[in-house]
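Q: Take this structure, written in structure tokens, and hold onto it; I'll ask about it next.
In the UniProt record's numbering, the protein residues as written are 1 to 92.
Here it is in structure tokens:
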């Protein structure tokens, strides 16, 4: 019985570093795979942000707003329709 216990102990001492090495590599590879996935997701989101910013700049540009207003039937008033009022700044 002592021989079997001694044999198993020796076997454990020999095999355990290999098992720990395999486990360490599995953890390393799974972590690196997650990092690669996150990096690709970040690149996707960055390109999406750039597209959304371009769309925002296009929509908020004065020329786009003017063309949208014209399609809706609005127009700029004629210069004769402007009335300039003079405002007094005197406090009496």
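In this text, a Cβ means the ideal position worked out from N, Cα and C, and glycines have one as well. Since the model is a prediction, treat every value here as computed from it, not as a measurement.
(1) From residue 14 to residue 8, what distance separates their C-alpha atoms?
(2) Which value, in whole angstroms, describes the spacing of the CA atoms of residue 27 and residue 10?
(3) Helix, strand or coil: which one does DSSP assign to residue 31?
(4) From residue 3 to residue 12, what does the alpha carbon distance come to, in whole angstroms?
(5) What residue does the alpha helix (DSSP H) around residue 65 start on, and which one ends it?
(6) For residue 77, which of helix, strand or coil comes out of DSSP?
A: On the basis of the supplied data:
(1) Distance between the alpha carbons of residue 14 and residue 8 is about 10 Å.
(2) Approximately 26 Å, taken between the alpha carbons.
(3) If DSSP states are grouped into helix, strand and coil, residue 31 belongs with the helices.
(4) Answer to the nearest angstrom: the Cα atoms are 14 Å apart.
(5) For residue 65, the uninterrupted alpha helix (DSSP H) run begins and ends at 62-71, by DSSP.
(6) DSSP, read as helix, strand or coil, puts residue 77 in coil.
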